[in-house]
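Per the working numbering, the sequence shown starts with residue 671, numbered consecutively. By construction, the Cβ of each residue, glycine as well, lies at the ideal position given by its N, Cα and C atoms. Remarks on the structure that follows.
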Amino acid sequence: MAQIRELKKRMIAVRTIQRITKTMQMIATAKFTAALQRAKATKPYTERIRNLVAEVAAAAGTDFSNALMQAPTVPAKRELVLVITSDRGLCGAYNGTILRMGLKLVQSLKASGSAVQLETAGKKAVAYYKFAKVEITERHAMGDKPAYAQVEALADRYMADFTAGKFDAVHIVYMRFISTSRQTAQTMQLLPLAAPKAGGAVPNYEFSPSGGEILADLLPRSVKVSLFQAFNDGAVSEHVMRMVSMKSATDNAAGLVRTIRRNYNRARQARITTELTEIVSGAAALA
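Given below as structure tokens:
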């Protein structure tokens with residue numbers, strides 16, 4: 671009898687968990703759809719800015735230099751690393767993969783002789799790096815809907831610090847969204863910018879003002895949109911991985927409910943059989 675009650679309680683508990691994970695799956699699906707729409711809306715602009723920079727650089731036809739493309743003349747022996755994670759868990763390997771990659775990058779830079787200034791976006795990074803005894807210089811609260819104004823201000827600060835010679839490079843560690851079935855953690859060097867290269871035929875532009883002046887305006891925009899795209903990719907990846915994790919948890923809970931119900935029915939059947947046997951035995955004894 672006690673076993674039957676225990677199985678019934680367990681089945682109720684698992685069903686409750688199943689309802690919770692199903693609800694979380696539905697919420698994650700809605701947030702993923704919204705985040706994907708935001709990322710898709712900004713991606714064409716990001717790609718166009720990058721292509722325009724490459725086209726203008728190629729059409730200018732002369733070597734040009736820009737402070738955002740050159741490491742400081744006197745090396746600062748200091749690099750900045752921004753690790754983009756989430757504020758909440760239950761999203762599979764999302765945070766763990768990014769945090770391990772960020773830690774490896776920090777250790778690699780330190781091993782090469784550079785001091786590292788670590789900054790994070792997302793609450794999940796705090797406990798991890800505290801346990802790893804890595805100091806976090808600054809924390810950024812972007813949430814799962816990064817606003818362009820916030821990212822722009824952050825990019826402006828990075829560019830100002832870089833051109834002032836405070837850092838030799840700025841690295842971003844984030845989860846790149848490729849498709850709903852594929853997301854990959856990667857490191858992007860935000861600064862210094864790589865020399866732009868145009869693919870295909872070089873367009874014939876006439877510049878006014880000069881190509882260098884136009885690039886001086888375009889390059890900061892390229893930095894800003896690249897950083898914004900990284901935050902958007904991170905948000906989309908977080909929600910899709912949480913959606914998949916919650917679906918898996920819901921499916922596992924459904925399977926566990928079926929197993930418990932089967933054991934519950936067997937226990938009830940065994941109890942009924944035992945009771946019938948006792949009744950028949952008692953009747954036979956009285957006969």
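Residues of its chain near glutamate 822, where Cβ-Cβ distance is below 6 Å and the 5 sequence neighbours each way are ignored: Taking the sequence shown and counting its residues from 1, one reaches residue 822 at position 152. Correct list, in chain order: Lys894.
Identify, in the order they occur along the chain, each residue of the same chain with its Cβ nearer than 8 Å to the Cβ of leucine 888, setting aside the five sequence neighbours on each side. Here residue 888 is taken as the residue at index 218 of the sequence shown, counted from 1. Result list for leucine 888: Ile719, Leu722, Val723, Val726, in chain order.
Go through the stretch 769 to 806 residue by residue and report every complete run of the beta strand (DSSP E) that reaches 3 residues or more, in order. 785 to 791
Quick one: residues in its chain with C-beta nearer than 6 Å to the C-beta of methionine 694, no 5 flanking neighbours on either side, listed in chain order? Translated into positions along the sequence shown, residue 694 becomes position 24. Answer for methionine 694: Met916, listed in chain order.
Please classify serine 896: does DSSP put it in a helix, a strand, or coil? Here residue 896 refers to the residue found at position 226 when the sequence shown is read from its first residue. Here DSSP, grouped into helix, strand and coil, assigns serine 896 to helix.
Taking DSSP as the reference, what is the three-state secondary structure of leucine 888? Here residue 888 is taken as the residue at index 218 of the sequence shown, counted from 1. In the structure shown, leucine 888 sits in a helix (DSSP, three-state: H, G or I).
What does the alpha-carbon distance come out to for the pair alanine 791 and arginine 758? Position 121 of the sequence shown holds residue 791. Position 88 of the sequence shown holds residue 758. In a straight line, the C-alpha of alanine 791 is about 12 Å away from that of arginine 758.
Length of the line joining the Cα atoms of aspartate 921 and alanine 819: Here residue 921 corresponds to residue number 251 of the sequence shown, with the count starting at 1. Here residue 819 corresponds to residue number 149 of the sequence shown, with the count starting at 1. One C-alpha to the other measures close to 40 Å.
According to DSSP, is phenylalanine 847 helix, strand or coil? The residue labelled residue 847 in the question sits at position 177 within the sequence shown. Note: phenylalanine 847 maps to strand in three-state DSSP.
Measure from the alpha carbon of serine 735 to the alpha carbon of each residue in Thr712, Glu883, Ala940, Phe801, then state which is nearest. To locate residue 735, count along the sequence shown from 1; it is residue 65. When each option's Cα is compared against that of serine 735, the closest is Glu883.
So, using beta-carbon positions, are serine 907 and methionine 845 closer together than 7 Å? Locating residue 907 in the sequence shown gives position 237, counting from the first residue. Locating residue 845 in the sequence shown gives position 175, counting from the first residue. Yes. Within cutoff.
Alpha-carbon to alpha-carbon, lysine 710 and glutamate 805: Translated into the one-based positions of the sequence shown, residue 805 becomes position 135. Translated into the one-based positions of the sequence shown, residue 710 becomes position 40. Answer to the nearest angstrom: the Cα atoms are 35 Å apart.
Are there 16 or more other CB atoms within 10 angstroms of the CB of leucine 946, so buried, or fewer, so exposed? Counting from 1 along the sequence shown, the entry for residue 946 is found at position 276. The residue is exposed, with fewer than 16 neighbouring Cβ atoms inside 10 Å.
Please tell me whether proline 816 and phenylalanine 702 are closer than 7 Å, where the distance is taken between their beta carbons. Within the sequence shown, numbered from 1, the residue matching residue 816 stands at position 146. Within the sequence shown, numbered from 1, the residue matching residue 702 stands at position 32. No, these two residues do not count as a Cβ contact at 7 Å.
Inter-residue Cα distance where the pair is isoleucine 690 and phenylalanine 847: Counted from its first residue, the sequence shown places residue 690 at position 20. Counted from its first residue, the sequence shown places residue 847 at position 177. Cα to Cα, isoleucine 690 sits roughly 27 Å from phenylalanine 847.
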